[in-house]
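Numbering (full-length UniProt numbering), first residue to last: 1 to 1279. The C-beta atom is built at its ideal place from N, Cα and C for all residues, glycine as well.
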Amino acid sequence: MFVPKAGGRNTRRRQRTSSDDSVKPPKAKRQRSVLRRPDESPSDTNLGRELAKLATPTAPNGDVVPTDQMNDLHLSTRVVKQGDGPGNNNEGTIVLSSTDFYTVDQLPSLPDQIRGLQSEPLKCFFGPGHDHALALTHSHAIVWPYSTPASSPSPSETFTVSIPDSCRDPKGAVPLGVLLSTATGDHPGLLVIIPSTGKVVYWETVSSAAALGLSRQKQNGIQGSTPGMLSGEYATEILNGEPSGIIVTFSSGRVAHITLRDPQGKPSVVVNFLRSTVGTGGGGIFGGIKSVFAGGSWRKEVTAVRAGGSHQRGQRDVIIATSAGLVEIWDTHWNHGNTLRKRYDLKDEILAALPEYHAQPTNDTELKVVDLAFSALQSSDDAVQLSDGSWRLFLVIRSPQWSETRALFVAQVHLSGNQSRVMSTHAVDLRHIPASQLETSKPKIFVPKPEETAFILIGQSLVILSLASVEETPSSQLLLDSNKLPLPFQDTIHLRSGTDHEILGSISEDQSNDSPCAACVLMLRNFGVIRVTVLPRPGTEQDVDEPQITAKHKLEQAVFFGTMAKNPLNLSSEGDLNFPPLEMEQASLEICRELLRSETRFIPTTAISLEQNLRLRAKALDDLASLLSRQGNPLNRPARWKLLWAAEKIAAQRAMWKIQEASQIKNGEEETFLGHVIGSMHDKFKTPINPQHGETDPVRQWFLRDSYRMEHVIPWIKNAIKLGRGNTSNPARALSEKILAASELFLAVTETAFRYRDEHVALYGLTGDFLEDGVLSGGYEDLPEFWTSRGVGYSEAGHLLDLELDSCRSWKNPASAADIPDAHVLNQVAKNSYRHLRVVGQMHLERTRWLSAQGDPKLMDESVSIEQAHVEDRKWQLFKLAGIDHLADAVELAESFRDMGALVELIIELQDQKASLHPRTDPQNDVSTNQTEIDADQLIAKYFDKFGDLWADAYFSRQIAMGYPGTLFTMRKYQPAVTRFLRSNPAYSRLSWINDVIGEDDYDSAAASLENLAIGSEEDLWSHRVEISLAKLGKLATQERMDSSVIASTLQEDVKRLEDYVVVDGIQDILYLHMEHILQGANDRKAELELVLSQYGEHIFDDRPSLHEILSDALSTLVDRQVVGADGLIDILTLVLDYGRYGQRDPSYLMALQRLIWRRCLIKDDWVARGKAAEGPNGSEYSSIADTALYRSLTACLEEPRNTGLHSMYKPLSPAEALMTDSDSDILVSRFRPEQKSRVASDLQTENDILRQCIDIGKLDFWFQNLRETAEVHISPPK
């Protein structure tokens, strides 16, 4: 760009230069600071003192903040290395956001003077092509190279220019300024305009302005003024229009042209408003009083003023657009003034190019142009029509449907001659921009070369829009007509809201040899300069669909950059993560997968320590979970658990790495145990190293690449002990050290995982899941297998625990000195065994619960078998732990496991140790852990309160099993528990009735216990009689205490029932005495039974074998002096003496027994033969029937005074009444074994058939009636 030197020759004789010359950056020249002399500090001058005030930041309350806090712009260190990516070659930049499509960097260069002005009114302007920035306050202008890598630019590169006092307006708006190119190519020039007064100050170079400022403040710069300013009018925007000059827009809508040279080329400031005589009668809409008041909305008409191309020396087109779609092309020259060249009304063309729905007019809103950008690239058509003028513009359009759709469009317009044509339109997605910004902020568009991307700044949001054209095809036309054409690529970068993050200035940077990518630069209050760089598109084919921002992109930005301290970008704003739940879930799991494998590009695997890598990966997972939680956690439950498991694995690895670092320090160059574990691990469980990629450390490789399969390290820790055994002078010491190392690693993995899960379950959105000590209590049905309790890992964890415990026990009593390990190692292994046993309990609960919830019978069976094996193994592991002087720890664990059996044994051991008077004799092998003394009695009391009957059952059962049942009767403190325990199990009835008497003073309950004992389980006849007698005494004692007649009546019935039992026992004694003479000749019990059966059972052996078997069992019980019972007595009496569950009170059963008794009595004699004998010549009817069983039974029953009741057992039954009914058979066989039932039923039916034969043939009905009458006469003879 051409700018003549002051005092030079006429510019019309100068060599012509192209318009691009003006945008070349000046070559920086190092020089001495002009702000101070060698012998004075900045505070020694008036300017220095003023700058010191400006440079001292203030706190919100107005207090002065120490100067050393000015540089506190703390951000997480994410410095982009040189060559890491396109456009990121500046050293020292801090990456604020990075995607596949763009990066956002903080440029490090920010002068200390600017850091101190962050709370003051401030504006920032950038010089195109200069790489310099300008910051303006009411009193000073500060210029610095914003692209330099230094965080604080050199004083020789930073210039502070004082605005003359006569030009300042402290109460007005902040001045507007622009940086200018210089002919020497050194530091840029500067022009400042005061908005409210229109005063202009121009410096040819900022370096000379700063130098003169020390001695000539009042005469500094070339000053000018704006003539003809209206009342209340002020400057709103300034534009570099070199080489023709500077363009300033005013609030009235007028546009002024400022030239910086007079016709002789000397520096001079001249301000002229653009005036037109085309179509307005002089002055146009942009000049003159008549023009100014021509319309009612004149203040809102001009929407954008931009510099166009330069077609000749000293000339520049200026393009002015109004909101109604009117565009004017002005020709400006530094010496020849300005003229209106072209005017176009684009409203109709733009409406025709918009989608039909958006082009429909409304009552409230019309089409509105809100901004424009000039296209510096010219097509071949433009070159042909260059003589008549050709321009290409990018217009930002607000559609007529704005109030409903909030839709913006970017229209590319071609202006040529008198014609205008809309070449393309691109819709802008504004859904993610707050409505308040859309209403109050005016969009501003930047289209840097190569004009493939547009930056649209709306309030605190920057929209990145691809300008790629959609190929015209029938399908694309159909989509366009139906308003379904996919949007081009675009994304929105949100800055944090509020004045603390105000955008102070902005500019675009073209793609060039020095800058391979187009970019947009923003100056932010309280932060500095950021650059948004667009990366090259991955594809070049026209028919390839535009790439789109996915949920993964947004999540990555929010996770890896959104949590950086003081990051001005709002990467998790409302709407940014408004994706379908399934897409959010897939994206989250993919990010998680990359973190576990160290495949994410946001966390380096080299150049940082492994601890830093693990910490960053852990933080990323936590940040991801926190972000999802704020979004309502759209992930399903299994996906949330997968994220939590991933975080657990990283946390476990961090714990392992701490052990690894300590081992490296201790062992030096010697291989650590973890290195040995990873080295011995099978290749399918780890990622091999690739030396060609610089991978030389297998341990580091495992930490980086194999976090996702952490579960495999658990079994290999145990296996490494076996694989690592070798010859050594002290094998016990070597083995103990390996066991200790394995124990430490195992606990680092498992304890950390369970603890992390317990502490972070809510963070990962699992608030509905209840965890106890890191173990999920329920809800395993839809979850994959937990990594902390895989089958092999769970099994090997138990084996490692057994190895620790067994080794400690063997080392405690070594066979020789060579078998003694280091005492410290032994103590530590013993301590770890306690923790190890706790972890195995957690793993067990988790595994069995998961197996049981899967619904697979095979897995459920595995759960049952694991549970049984674990309970048994755990008991012995607790005992072993107690045996290595960790009894208190064993008690604590048994208590936490709620293992009452083991806990009772340990408490008894504790009592024994307390009672023992033998102290330890070998302190050298003492591996105690200095545990606090515990009192067994206190623990027992505690467990009765804590566990209740669960503890009481185990404790009392152990006392009985040890042979100390009397202990229960002395524990009066726990009397209720003792009573519940003894009454809960019939087996304890012999103790229960004693406790009821001496502990509860409850004779009625004691009687009930004795009765139940006698009837339910007592077999010895003498004991049975004693228990019944004691029960009777209990009832009688209870009766004495009762006053109620109803209760007394009930007790009388109970006593009568007990007396009946005594009567039955008496009958059994009578039967035994009846048979005792037969037993005297027998040698043994078998012979006694054979003699009895031969005497009383031969008659039913052949025809009723099952009844013979029943009789044999009953007689055997009788001979052994055991309780036969009512049923057995009936069998004996009816089968032996030719006469059952008498104790049963079921009427149907009693009736069946009564019929059985009379049926057997009736068929005892041969009634056919009896009848023939009575009819014979020598027969006597009385003599023939007097010796029958029926007659004797009738006589005995009729003599019994209790035979009068309707349901009396002594009431005789007729033959017809004694016949067996259908239900009698089922009732009578119910008391026999299954294999006996069918045979017994058959024999009973045989008896019934015999009775029918006696009735039909033997005329038993006649004989029964006759015998009954005879018996009645015999008992009560007629008087």
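To the nearest angstrom, how far is the alpha carbon of L535 from that of S466? Locating residue 535 in the sequence shown gives position 535, where the first residue counts as 1. Locating residue 466 in the sequence shown gives position 466, where the first residue counts as 1. One C-alpha to the other measures close to 12 Å.
Can you list, in chain order, the stretches of the beta strand (DSSP E) that have 3 or more residues and sit fully within the region 381-435? 390-398, 408-416, 419-428
Can you tell me where the alpha helix (DSSP H) holding I1255 begins and where it ends? If you number the sequence shown from 1, residue 1255 lands on position 1255. Element bounds for I1255: 1234-1256.
Which runs of the alpha helix (DSSP H) spanning at least 4 residues fall entirely within the region 1144-1171, listed in chain order? 1147-1162
Leaving out the 5 sequence neighbours to the left and right, which residues in its chain are closer than 7 Å to I549 when beta-carbon positions are compared? To locate residue 549, count along the sequence shown from 1; it is residue 549. Excluding positions up to five away in sequence, the list reads D491.
Selected residue, minimal CA-CA separation from E509, among I458, A376, L1073, L893: On the sequence shown, position 509 is the one that residue 509 refers to. Minimum Cα distance to E509 is reached at A376.
What does the Cβ neighbour count give for W876, buried or exposed, with the cut at 16 atoms within 10 Å? Within the sequence shown, the letter at position 876 stands for residue 876. Result: exposed.
In the DSSP output, what is A1126 paired with across the bridge? Taking the sequence shown and counting its residues from 1, the one referred to as residue 1126 is at position 1126. Partner(s): none; A1126 has no beta bridge.
Boundaries of the beta strand (DSSP E) in which I503 is found, first to last residue: Taking the sequence shown and counting its residues from 1, the one referred to as residue 503 is at position 503. First-last of the beta strand (DSSP E) with I503: 503-509.
Is R421 buried or exposed, if buried means 16 or more other CB atoms sit within 10 Å of its CB? Indexing the sequence shown from 1 puts residue 421 at position 421. Answer is exposed; the Cβ neighbour count stays below 16.
Secondary structure at T103, three-state DSSP: helix, strand or coil? Mapped onto the sequence shown, residue 103 falls at position 103. T103 falls in the strand class under three-state DSSP.
Do you know whose CA, among I650, G632, L624, A954, lies nearest R597's CA? Residue 597 sits at position 597 when you count from the first residue of the sequence shown. Checking every option, the nearest Cα to that of R597 belongs to I650.
Own chain residues within Cβ distance below 7 Å of G562, not counting five before or after: Your numbering for residue 562 matches position 562 in the sequence shown. These residues qualify, in order along the chain: L571, S572.
Let's see if you can read the secondary structure: which residues bound the alpha helix (DSSP H) around E328? Translated into positions along the sequence shown, residue 328 becomes position 328. Unbroken run through E328 is the beta strand (DSSP E), 326-333; no alpha helix (DSSP H).
Beta-carbon gap between P188 and H130 smaller than 7 Å: Residue numbering aside, residue 188 sits at position 188 when the sequence shown is read from its first letter. Residue numbering aside, residue 130 sits at position 130 when the sequence shown is read from its first letter. It is a contact, given that the beta carbons lie within the stated cut-off.
If contacts are defined as beta-carbon pairs under 8 Å, then V369 and T322 qualify, I think. What distance do you get, rounded to the angstrom? As a working mapping, residue 369 is identified with position 369 in the sequence shown. As a working mapping, residue 322 is identified with position 322 in the sequence shown. Yes, V369 and T322 are in contact; Cβ-Cβ is about 7 Å, under 8 Å.
Among T499, L735, F746, the one whose alpha carbon lies nearest that of H712: Looking up residue 712 in the sequence shown gives position 712. The candidate whose alpha carbon is nearest that of H712 is F746.
If you draw a straight line from the C-alpha of G498 to the C-alpha of Q401, how long is it? Here residue 498 refers to the residue found at position 498 of the sequence shown. Here residue 401 refers to the residue found at position 401 of the sequence shown. Those two C-alpha atoms are separated by around 29 Å.
Please list, in chain order, all residues of the same chain as F286 whose beta carbon is under 6 Å from its beta carbon, the five residues on each side excluded. For the purposes of this step, residue 286 is taken as residue 286 along the sequence shown, with counting starting at 1. For F286, the predicted structure reports a pLDDT of 46, less than 50, and the residue's modelled location is therefore unreliable. The matter cannot be settled from this model.
Please work out which residues of its chain come closer than 6 Å, Cβ to Cβ, to D1002, disregarding the five sequence neighbours upstream and downstream, and give them in chain order. The sequence position of residue 1002 within the sequence shown is 1002, counting from 1. Closer than 6 Å at Cβ, skipping near neighbours: D996.
May I ask which residues mark the beginning and end of the alpha helix (DSSP H) holding P267? Taking the sequence shown and counting its residues from 1, one reaches residue 267 at position 267. It is not in any alpha helix (DSSP H) - P267 instead sits in the beta strand (DSSP E) that spans 267-273.
Please classify V1063: is it buried, with 16 or more other beta-carbons within 10 angstroms of its beta-carbon, or exposed? To locate residue 1063, count along the sequence shown from 1; it is residue 1063. Looking at its Cβ environment, which holds fewer than 16 other Cβ atoms inside 10 Å, V1063 is exposed.
Using CA atoms only, rank isn't needed, just tell me which of E1217, L522, A1241, P263 is closest to I1227. Locating residue 1227 in the sequence shown gives position 1227, counting from the first residue. With distances taken between Cα atoms, I1227 lies closest to A1241.
Please determine if the region 628-642 and the region 734-748 are in contact, where contact requires at least 3 C-beta pairs separated by less than 8 Å. no
Can you look up E157 in the DSSP assignment and give me helix, strand or coil? For the purposes of this step, residue 157 is identified with residue 157 of the sequence shown, where counting begins at 1. Coil at E157, not helix or strand.
Does the distance from the C-beta atom of I503 to that of V521 stay below 7 Å? Residue 503 sits at position 503 when you count from the first residue of the sequence shown. Residue 521 sits at position 521 when you count from the first residue of the sequence shown. Their beta carbons are not under 7 Å apart, which means I503 does not touch V521 by this criterion.
Where do the N-terminal and C-terminal ends of the beta strand (DSSP E) with T339 fall, by residue? For this step, residue 339 is matched to residue 339 along the sequence shown. Run containing T339: 337-345, per the beta strand (DSSP E) assignment.
Three-way DSSP call (helix, strand, coil) for I458 in this model: As a first step, residue 458 is located in the sequence shown; it is residue number 458 there, counting from the start. Of the three classes helix, strand and coil, the one that applies to I458 here is strand, per DSSP.
Within a Cβ cutoff of 6 Å, which residues of the same chain sit near T750, ignoring the five residues on either side of it in sequence? Sequence index remark: in the sequence shown, residue 750 carries index 750 (1-based). Same-chain partners within the cutoff: V839.
From the DSSP output, read off the bridge partner residues of M523. Counted from its first residue, the sequence shown places residue 523 at position 523. According to DSSP, which records beta bridges pairwise, M523 is partnered with G505, V529.
For N1083 and L1033, the rounded distance between their alpha carbons: As a first step, residue 1033 is located in the sequence shown; it is residue number 1033 there, counting from the start. As a first step, residue 1083 is located in the sequence shown; it is residue number 1083 there, counting from the start. Cα to Cα, the separation comes out at about 40 Å.
Can you round the beta-carbon distance between T259 and V270 to whole angstroms, since I take them to be within the 8 Å contact cut? Taking the first residue of the sequence shown as position 1, residue 259 is located at position 259. Taking the first residue of the sequence shown as position 1, residue 270 is located at position 270. The Cβ separation is near 5 Å, so the contact holds.
Use the C-beta contact count for N240: other C-beta atoms within 10 angstroms, 16 or more gives buried, fewer gives exposed. Taking the first residue of the sequence shown as 1, we reach residue 240 at position 240. Flag for N240 reads buried.
Please report the straight-line C-alpha distance between I464 and P688, rounded to a whole angstrom. Numbered from its first residue, the sequence shown carries residue 464 at position 464. Numbered from its first residue, the sequence shown carries residue 688 at position 688. Answer to the nearest angstrom: the Cα atoms are 42 Å apart.
Range covered by the beta strand (DSSP E) that runs through S609: Mapped onto the sequence shown, residue 609 falls at position 609. Note, S609: premise wrong, no beta strand (DSSP E); not H, not E.
Can you look up A748 in the DSSP assignment and give me helix, strand or coil? Taking the first residue of the sequence shown as 1, we reach residue 748 at position 748. If DSSP states are grouped into helix, strand and coil, A748 belongs with the helices.
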